[in-house]
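Each residue of the sequence shown is one higher than the last, beginning at 1 in full-length UniProt numbering. The structure appears right after this line, and notes come after that.
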Amino acid sequence: MTARRGWLTLRARGASPGAPDVTLVGRRQQHPSCQVRTLVDPTDGHGGLVVRLDGRHHYGIEAGGGEVRVVARIGSVLSTLATCPVGAGPVRLRIEVLAPSPGDWHPAKEPDLLRLGVEGPDGVFEVLAELDGRYLSTEVAGGFTGRVIGRYAARGTVAFDWFDYESR
Numbered sequence: 001m002t003a004r005r006g007w008l009t010l011r012a013r014g015a016s017p018g019a020p021d022v023t024l025v026g027r028r029q030q031h032p033s034c035q036v037r038t039l040v041d042p043t044d045g046h047g048g049l050v051v052r053l054d055g056r057h058h059y060g061i062e063a064g065g066g067e068v069r070v071v072a073r074i075g076s077v078l079s080t081l082a083t084c085p086v087g088a089g090p091v092r093l094r095i096e097v098l099a100p101s102p103g104d105w106h107p108a109k110e111p112d113l114l115r116l117g118v119e120g121p122d123g124v125f126e127v128l129a130e131l132d133g134r135y136l137s138t139e140v141a142g143g144f145t146g147r148v149i150g151r152y153a154a155r156g157t158v159a160f161d162w163f164d165y166e167s168r
């Protein structure tokens with residue numbers, strides 16, 4: 001695939017967002033609640049959106065091979081949690097990070113909730129997985145830099161038309 005004018009084209013080196021040489025363009029998560037969206041064309045590869053604390057702690061939604069899949073890595077466990085068939089061509093991926101309301105906090109509850117899914121052309125969000133945010137926190141996983149959210153390529157070449165980060 002030749003680079004597309006006006007699109008960000010990523011070529012995979014590592015095989016996952018956990019690989020030390022992952023091809024990732026990300027930004028810090030700056031808000032307790034936010035929404036991230038992108039339009040990805042996985043025709044020549046596999047890639048998508050990821051929320052990453054480090055190589056051993058990340059949640060991602062990846063398009064490629066005619067499907068979208070939600071993948072979670074927590075420590076040494078890597079699991080595909082959901083899949084959804086999609087047609088050829090570009091796909092809109094979305095991740096929502098939802099902080100609990102102030103009166104809803106409890107130590108046994110997740111510090112935040114992450115929803116990963118596909119967005120239709122009409123803006124309707126089909127949630128494929130809801131995941132506990134505690135496993136992507138420095139309190140559980142260690143570290144000190146916080147989360148990075150961004151686009152990545154896992155295999156082949158993947159093109160991204162746009163990327164949108166909104167605080168909620």
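Even for Gly, the Cβ is constructed at its ideal location relative to N, Cα and C. Nothing here was measured: the structure is a model prediction, and the numbers come from that model.
{"Item": "Residue 138 in three-state terms, based on DSSP", "Value": "helix"}
{"Item": "Inter-residue CB distance, residue 52 and residue 148 (contact presumed, cutoff 8 Å)", "Value": "5 Å"}
{"Item": "DSSP-derived helix/strand/coil call for residue 1", "Value": "Confidence is the limiting factor: at residue 1 the pLDDT is only 42, short of 50, which leaves the residue's position unreliable, though a coordinate-based value still follows. Coil at residue 1, not helix or strand."}
{"Item": "Neighbour-count burial assignment, residue 124, 16 or more Cβ in a 10 Å radius", "Value": "exposed"}
{"Item": "Contact under 7 Å by Cβ, residue 140 with residue 134", "Value": "yes"}
{"Item": "At least three beta-carbon pairs within less than 8 Å, the segment 22–39 to the segment 75–85", "Value": "no"}
{"Item": "Nearest neighbour of residue 5, chosen from 24, 132, 159 [CA to CA]", "Value": "159"}
{"Item": "Residue 130, DSSP secondary structure in three states", "Value": "strand"}
{"Item": "Cβ-Cβ separation, residue 42 to residue 64 (assumed contact under 8 Å), whole Å", "Value": "4 Å"}
{"Item": "DSSP-derived helix/strand/coil call for residue 102", "Value": "helix"}
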